[in-house]
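If you're matching positions, the sequence shown starts at 1 in the numbering used here and goes up one per residue. Contents: one structure, followed by commentary.
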Amino acid sequence: MSDTYLSGMDTNEGRRALAEVLLAMFRHWGVEAPQQAELLGMEEVESLWQGAALPNKTTVLERAGQLLAIDRALAKKYADQPLLREQWVSNPNIWLRGRSPLQRMLEGVEGIREVRSLIEQMTPPDEVPEEE
Numbered sequence: 001m002s003d004t005y006l007s008g009m010d011t012n013e014g015r016r017a018l019a020e021v022l023l024a025m026f027r028h029w030g031v032e033a034p035q036q037a038e039l040l041g042m043e044e045v046e047s048l049w050q051g052a053a054l055p056n057k058t059t060v061l062e063r064a065g066q067l068l069a070i071d072r073a074l075a076k077k078y079a080d081q082p083l084l085r086e087q088w089v090s091n092p093n094i095w096l097r098g099r100s101p102l103q104r105m106l107e108g109v110e111g112i113r114e115v116r117s118l119i120e121q122m123t124p125p126d127e128v129p130e131e132e
């Protein structure tokens, strides 16, 4: 599993842009505000909906990076199937013993990492052009 690097997170502007992307992702996934806060390790997310920046906390930023990596892997795996991409998070998954990825992610950062690992294992790596 590759690391997730989020550049520009040392500025309010960068963390505000990241919050915007995360909120759009949550909307596509059908995740409600209380679950959004739990996934990010925050008490509430209503301030983000009002345009606030993500807090400059390592735990929040790590979770944000992991969640974006999951969404990126879903976008690759289901590039031509946007509905599957959106529903994957809430559908029961055999590899998670019948629980949904969302249920597992709500169990904490280890659950988020497990879901990321799972979707990345299911997603073919980027093709590297062969040298001639």
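C-beta: ideal position from N, C-alpha, C; glycine also.
Handout entry: Limits of the unbroken alpha helix (DSSP H) element including residue 122
Key = Locating residue 122 in the sequence shown gives position 122, where the first residue counts as 1. Segment 109-122, the alpha helix (DSSP H) holding residue 122.
Practice task
Kindly indicate which residue of 43, 45, 39 and 78 has the alpha-carbon position closest to the one of residue 66.
Solution key: Sequence index remark: in the sequence shown, residue 66 carries index 66 (1-based). Considering only 43, 45, 39 and 78, the residue with the shortest C-alpha distance to residue 66 is 39.
Handout entry: Secondary structure of residue 33, DSSP reduced to three states
Key = Against the sequence shown, residue 33 aligns to sequence position 33. Residue 33 falls in the helix class under three-state DSSP.
Problem - the region 86-95 contacting the region 21-37, beta-carbon criterion three pairs below 8 Å - result: Between the region 86-95 and the region 21-37, the count of C-beta pairs closer than 8 Å reaches three or more; the two stretches touch.
Handout entry: Secondary structure of residue 58, DSSP reduced to three states
Key = Within the sequence shown, residue 58 is the residue found at index 58, counting from 1. In the structure shown, residue 58 sits in a helix (DSSP, three-state: H, G or I).
Practice task
For the alpha helix (DSSP H) holding residue 49, just list the boundary residues, first then last.
Solution key: Indexing the sequence shown from 1 puts residue 49 at position 49. 46-49 is the extent of the alpha helix (DSSP H) around residue 49.
Practice task
Within the same chain, show all residues whose beta-carbon is closer than 7 Å to that of residue 105, passing over the 5 residues directly before and after it, in chain order.
Solution key: Stepping through the sequence shown from its first residue, residue 105 is reached at position 105. Within the same chain, residue 105 has close Cβ partners 39, 111, 112 and 115.
Practice task
Between the Cα of residue 55 and those of 68, 71, 123 and 37, spot the shortest distance and give me the residue it belongs to.
Solution key: Position 55 of the sequence shown, counting from 1, holds the residue named residue 55. Ranking the options by Cα distance to residue 55, first place goes to 37.
Problem - residue 44 versus residue 35 - alpha carbon distance - result: As a first step, residue 44 is located in the sequence shown; it is residue number 44 there, counting from the start. As a first step, residue 35 is located in the sequence shown; it is residue number 35 there, counting from the start. Residue 44 and residue 35: Cα-Cα distance of roughly 9 Å.
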